Structures are given as C-alpha cells and as structure tokens.
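Trainee: Structure below; questions to follow.
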Amino acid sequence: TGLKEFIEKTLENLDTHNIRDLSRKGKAIRKKIVSTPFSDLLKLSIISAYHELERRLEIKNPYVAVRSSATAEDLPGASFAGQQDTYLNIRGENELLKAVKQCFASLFTDRAISYREDKGFDHFKVSLSVGVQKMGRSDLGSAGVAFTIDPDTGFDKVVVINGSYGLGEYIVQGKVIPDEFTVFKPTRGIIEKKLGYKKIKLVRGKKGNKEVRVPEKDFHRFCLTDEQVQILTEYAMRIEKHYKQPMDIEWVLDGETKKIYIVQARPETVHSVSNKNVLREYVLKEKGKLLLTGTAIGSKIGAGKVRVLMSAKQIHKFQRGDVLVTDMTDPDWEPIMKIASAIITNKGGRTSHAAIVSRELGVPCVIGTGKATDVLKTGQSVTVDCSKGKGRVYEGILKYVIKHRDITKLPRTKTKVFVNIGEPEKAFSVARLPVDGVGLAREEFIITSHVGYHPLYLIKTGQQEKYVQALATGIGKIAAAFYPRPVIVRLSDFKTDEYANLKGGKEFEPKEDNPMIGWRGASRYYDESFAAAFELECKALKVVRERMGLKNVIVMVPFCRTPEEGKRVLEKMKEFGLDRKKGWKFYVMAEIPSNVILAKEFAKIFDGFSIGSNDLTQLILGIDRNSEKLIKLFDERNEAVKKAISELISTAHKYRRKVGICGQAPSDYPDFCKFLVKEGIDSISVNPDVAIKTILLVHKFERGFRK
C-alpha cells in the first residue's frame, strides 16, 4: 500500500517542538491511514467475525465497542501504551471497518508521535491490535476506571475506583466529576467514598451518542452500590495478580443485565516504573497569597507565567515553561502539555484527560478549580503546589526545594520512630517513610477541614451522619496507609474557643478566660452536655475497626486530669461500643503533672502513655506557651520537665506500659533526643519532614550507649 514509506517520508526532519509542524504531519498520516483500503482478506475476516458475533448474540447488526490494544514490550517504561483511541456504539459493517481504521490511525496522534520521537523509539516497533466487543449498556448503568494503586501517590494497598452514569467518555473529557471509591486491599474495607458531580451523561441515541440530563433523584446517589464496589475490587485484584503489576482497568455496569464487565486493562506505568527506594519530596519554602484551590494531581510544585487558552486552536501562542490555564483538555492539547511547568483547569476529576496526561508527564496539575480562567490572567506569575495533598495556586514565583532520600540505607533502631499526622490526604505519601507507625493522628484537622460544623449543631439539625462519615474516612485513610503498623488516634482536643469557631458552635460553648486549662479533653466526653457529640466520635472509630477492618488503631485520651476521670471516659466508650473485650487498646496523654505524679494509678487504667511535651512543659513551669514575654523560659529541656519524664518512663515500665512522646523537641534538640533514648523511652513521634533525621539521630545515640 506504500503506507510505511509515506509515514517515513512525512516524519523526516520533524521538529516535535514546532507544534504546527507536528500537528500538520500527524493529521496527514492519520488521514492517509484512514483513506488506505484494507486488503480483501483482512476486510473479509473483520466482516465474517462481525457476522459470527451476530449469530452468537442473536441480534442483527449488534452495537459494538471498537478498542485499540497497543503493545510496547520493547519500550521500557513506555507511559503512553494503551492511550490509543476507542470507538463506542458502532453498528454495521461500514461503521465497523471505519472504526478499526481509526484505531490504527490513532498510533499516530500528535502526542504518540512526539513521545516516540523524544524517547528515540522506532515508530514501527509498536504493535496495535483492535478488539471488538459487544457494547455494554453503560448508558443505562455506569462506567469508569479502577486503579489497583493510588494513581497520585503510588500507594499500592488500595484499589481506587472512579465512575459516573452513562458512557465513560465524559469522565475523560472532564465534563463530569465522577464518584470515587477507595478500597483497602488487605481487608476489602471501603475507606473513602466521594460523591461526584454528574448532572449529565452520554447515552446511545438514534444517530450516534447524545447528551442527556441525569434524573434529579440520581444526583446525590452513588453510581455503584457498596456490593458492586466490592465485586469490582475483587476483579481488579485478580487482574493485578495475573499480570503481576499495578493495573489501570476500564469497567462497565450494564444497566440491562446489572452485571459488571471489564472492558480493558493495561499496566499502570507512572508509579510501577518509579524507584520505590528513593523518596522525592517537594517542599515550598515561602508563603504567598492563595488564589485558587482544586484537586492535586501528583505531588510536585511548578511555577511560571500564566497562559490562559480557551481553545486548542490557540496552542501556537504557548511558550515552554508557561503555566497552562484552560477550561479542560483533550488530546489536541497534548503537544503543549509536555512543555508546561504546570497545568490548571476549571473542570475535571482524577481520571479526566488533564489528570491522566499530566500524571504521565510528571507535570503538576490542579484540576476542578471551577474558576481558573476567570481568576488568572495571561502573563501573571503563579506557583502551583500539589505537594500537600490538595492543589493550591499561589501568587508569584515562590521558592521550593526538592529533597531526595534513599531509604534503603537507613538503620533499624530499638527505640521506635513514629510520625505525627493530621491531614488524611497526605497519609499515603507519608506512609512510604520507613517509620514504625503513627504516634499522633489528630482528629482536629479532619473536623475543621472535612466537617467544619460543631457536632452538637449537626445533631440538632439531623446531620450527625455527616460527622461520623467524615471522621471515619479521615481516620480510616491514615490507619490504612500505615497498616499493620500501629496508629494512635487522639480523641478530639479542641478548646472551648476553638469549638466555638466551628459553624454553629457559639450556642454550645461557654466563654472561658483560659481555655488552655478549661473544659477540654477528657472532661468533655462524659459531660452530659457533650456526651452525644462524643458518641459520634466513638461511632466513627467503630466504623474504622469493624466495617473497614482496620484493627491497628489505638485510641488516646487527651488532657485527662485524674484516674477517676479516666475511668469515667473508658466507661463512656464502652457504653458507645469501644470495649477492651473487642480488642481495643486505650492510651492516655501524659501532659498534666498529675499524669506523672499518679502514673501508677493511670497505668492500671490505660494501656500506654504518650507524653505531650508542650502542655507538660507549660504546666510544670507555669508558663503560657503563647506568651511572647515568657518564650525564652519555655524549654522542654528544663530539669523539672526532664525529671518528670524520667519518672514517668520508669513507673510505666514497672507496670509494663509503653511510653512515647509526640512533639518537636526530640528533633529540634539532639541533646533532648539523647536524654529520651538514654531513659529508655519506647517511641519518639515527630513530624514527617524530620522523621529520617530522627531515625539517624536515635541510631547514633543507641550505638553510643551500647559502646
């Protein structure tokens, strides 16, 4: 047919950085492939197979899906394998033959050509077959994607499922934000469910596919039941086991048969080819004015000048290093996406085109901002930060650093090193650190960021389930990330002024002169005016353990003034379903002098202690730690504080109770860390950014004491 020679000649002297040249040549090749007739033998084979499908289905001219299946075995880490075209609701011989040709032509999209040229791969070494399947009725059901790995962090203990009503194309195009389900593989527990925004869907029409509105009753419903999510998870895990690598899987829920079908599976190539032993962390070193937020894709930071483009016809205006700002992307945008320093879109979810491509390219991307093209102006300098779990766009070019850490060379320590964590969004990334668990998981961040309302206000307005669900999801995500390592979850420790600042909180909170030593921690949980709110916390913890199957959670009671108070809190928890007989363990914060003085009595009630060095220091020394006048006197290394810590460790060990510390002091002051190791503390919990430094420090001191 002369096709190969035509393609070779067309691609001679191609400059992939010249977007117009690339676009013109790519278009010419695709047009030539589609216009070149099939051989009689191939044409007859395709038509015969279609008639065989007719006979099997007992349907005249059945609707089919025509899918590309590319192989690139000799191209290591070829991220774009599997990104060729698919054609849905194809019917009849002529339509089928045309769709098959278009699939072959999609080997030469601008993006595919550019990728192979840049990597030095032979265009004729990539093979492509076309699969023809009976068309599943997802227009009457739903469709989506399942990853057997978290696509943004590479965390491999979850299956992440996206789905929406109708054909899956609208998810990729970013026209709908799909529902998202995160399932923990070891227990099969659904640890997170996010309701998408899916008011429209693509369905089969008489003349091709058409857009229709989703019935209002379905807006606020998930497109899959929990049972269907579990079935899909099992399928995904079996496929991953078969291929022995993380997979990216397309699925369909047929609205007629109510069955789930797997229609395509390909290797996940972003994280599966990355070096698991080297941690790369992007850290913002400056603060700036926050302009926009959205969903973060990846965990990098990028900065540059904004280029607002509303159509792919404008891509010739784009310069290398610009920040692409647009409504949403499709394959026509790909030539400039790879030269962008960052990408920001108004629309789209985690499996939209912009998300998929930026993830593969390693370009930081914030999607679904809703208003990027209105807020940002061409020429404006911005920094795009995806390093903290949520996507943020700041004004100006802010300084950032990239830290590389080889975790294979780290020593093991007898003293356990834990991390403190509050943001569930960061858990999957932080869990890659070679730490022994979580020494302090704070509920306050989850309540502030994911609920925002006072729990008693939600009870009053009948929305208490919202509180339980948000808390369970946040705790569950952290517990799953570190499983089976222990995760110590501190019960809510807001002070009265902080509770009052939550929406609807003022009517439920007294005004106190000194909230720091006021109605907080344990004293709230058994108080009749707060017990109903505490019950919601206990319900959330029950969901984490019993429904999600995460038995690595240890509950910690903060600010417990007396052993009698400790007993009352434990009785209340038992009443609300958290019973030691069911395997629960309970720790107490040691942050009040009475916790040290009466350590023996507390050891008889609780399973372990965690020293809160900040509160313990201020209460032993009688210092308001927020006072600028007294800041120089506030020091955890004061002899009185060290003596108290030493006494607590000694008493706790006498009664076979574990003792840890959660605070910045061990990482800020090496001499304080040395003191803790010498005293035989069981664990030191620090912020993630200093975890590796602390491991090395602890190892150095342990080795010194052995000598």
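In the numbering used here, the protein residues as written are -18 to 688.
By construction, the Cβ of each residue, glycine as well, lies at the ideal position given by its N, Cα and C atoms.
Keep in mind it's a predicted model, so treat the numbers as computed, not measured.
Would you say G155 and G125 are within 7 Å of each other, going by their C-beta atoms?
Mentor: no
Trainee: With a threshold of 16 other CB atoms inside 10 Å of the CB of I428, please say whether the residue is buried or exposed.
Mentor: A residue is called buried when at least 16 other Cβ atoms come within 10 angstroms of its Cβ; I428 meets this threshold and is buried.
Trainee: Which whole-angstrom value describes the C-beta separation of Y375 and G269, a residue pair presumed to lie in contact below a C-beta threshold of 8 Å?
Mentor: Confirmed, about 4 Å.
Trainee: Please name the residue, chosen from R618, V577, A571, S608, that lies closest to S591 on a Cα-to-Cα basis.
Mentor: The option with the nearest alpha carbon to S591 is A571.
Trainee: Would you call the stretch 162 to 173 in contact with the stretch 205 to 223, where contact means no fewer than 3 C-beta pairs closer than 8 Å?
Mentor: Touching, yes.
Trainee: Can you find at least 3 beta carbon pairs, one from the stretch 493 to 509 and one from the stretch 523 to 535, that sit closer than 8 Å?
Mentor: no
Trainee: Is A62 helix, strand or coil by DSSP?
Mentor: Reliability of the predicted coordinates at A62 is poor, the pLDDT of 46 falling under 50, and no value is obtained from them.
Trainee: On the three-state DSSP scale, how would you describe R638?
Mentor: coil
Trainee: Express the C-alpha separation of A461 and I535 in angstroms, rounding to a whole number.
Mentor: 13 Å
Trainee: In this structure, does DSSP put I378 in helix, strand or coil?
Mentor: coil
Trainee: Less than 7 Å separating the beta-carbons of S368 and I278?
Mentor: no
Trainee: Tell me which residues share the same chain as K476 and place their Cβ nearer than 7 Å to its Cβ, disregarding the 5 neighbours each side in the sequence.
Mentor: In chain order, P496, M497, G499, R501 place their CB closer than 7 Å to the CB of K476, counting only its own chain and leaving out the 5 sequence neighbours on each side.
Trainee: If contacts are defined as beta-carbon pairs under 8 Å, then L522 and V577 qualify, I think. What distance do you get, rounded to the angstrom?
Mentor: At roughly 27 Å, the Cβ-Cβ gap does not stay under 8 Å, so L522 and V577 are not in contact.
Trainee: Got a sec: does the ligand NAD put a non-hydrogen atom nearer than 6 Å to the Cβ of Q300?
Mentor: Questions concerning the ligand NAD fall outside what the structure shown contains, since it holds no ligand whatsoever.
Trainee: Look up Y224 in the DSSP assignment and say whether it is helix, strand or coil.
Mentor: helix
Trainee: Residue range of the beta strand (DSSP E) that K174 falls in?
Mentor: Per DSSP, the continuous beta strand (DSSP E) segment holding K174 begins and ends at 170 to 175.
Trainee: Give me the Cα-Cα distance between E(-11) and V81, rounded to the nearest whole angstrom.
Mentor: 22 Å
Trainee: Suppose contacts are defined by Cβ-Cβ distances below 7 Å. Is P415 in contact with D91 by that definition?
Mentor: no
Trainee: What would DSSP say about E594, mapped onto helix, strand or coil?
Mentor: Before going further, note that residue 594 is Ser rather than Glu in the sequence given. The answer is helix: DSSP assigns S594 an H, G or I state.
Trainee: Leaving aside the five residues before and after H(-2) along the sequence, list all residues of the same chain whose C-beta is less than 6 Å from its C-beta, in chain order.
Mentor: Excluding sequence neighbours, H(-2) sits near nothing in its chain.
Trainee: Which residues bound the alpha helix (DSSP H) around L342?
Mentor: The continuous alpha helix (DSSP H) containing L342 extends over residues 334 to 342.
Trainee: Between which two residues does the alpha helix (DSSP H) harbouring P415 extend?
Mentor: No alpha helix (DSSP H) contains P415, which DSSP labels as neither H nor E.
Trainee: Label R505 either buried or exposed according to how many other C-beta atoms from any shown protein chain fall within 10 Å of its C-beta, with 16 as the threshold for buried.
Mentor: Buried, by the Cβ-count rule.
Trainee: Where do the ends of the alpha helix (DSSP H) carrying C541 lie?
Mentor: Where C541 is concerned, there is no enclosing alpha helix (DSSP H), given that its DSSP letter is neither H nor E.
Trainee: Less than 7 Å separating the beta-carbons of L421 and C654?
Mentor: Their beta carbons are not under 7 Å apart, which means L421 does not touch C654 by this criterion.
Trainee: Would the stretch 537 to 548 count as touching the stretch 579 to 595 if we require 3 or more Cβ pairs under 8 Å?
Mentor: yes
Trainee: With P18 as the anchor, note down where its alpha helix (DSSP H) starts and where it stops.
Mentor: Taken as a continuous stretch (DSSP letters only), P18 belongs to no alpha helix (DSSP H), as it is neither H nor E.
Trainee: To the nearest angstrom, how far is it from the Cα of D21 to the Cα of P405?
Mentor: 59 Å
Trainee: Express the C-alpha separation of K659 and E518 in angstroms, rounding to a whole number.
Mentor: 37 Å
Trainee: Nearest CA to the CA of Y507: which residue from V468, K555, K487?
Mentor: K555
Trainee: So, helix, strand or coil for Y151, using DSSP?
Mentor: helix
Trainee: Below 7 Å between beta carbons: does that hold for L183 and E150?
Mentor: yes
Trainee: Using only the alpha-carbon positions, how far apart do K489 and I402 sit?
Mentor: Per the sequence shown, the amino acid found at residue 489 is Phe instead of Lys. Looking at the two C-alpha atoms, the distance is approximately 28 Å.
Trainee: For P57, does the three-state DSSP call read helix, strand or coil?
Mentor: No answer about P57 holds up, because its pLDDT of 46 lies below 50 and its placement is not dependable.
Trainee: Tell me P248's beta-bridge partners as DSSP assigns them.
Mentor: P248 pairs with M228.
Trainee: Locate the beta strand (DSSP E) running through T359, then write down its first and last residues.
Mentor: Taken as a continuous stretch (DSSP letters only), T359 belongs to no beta strand (DSSP E), as it is neither H nor E.
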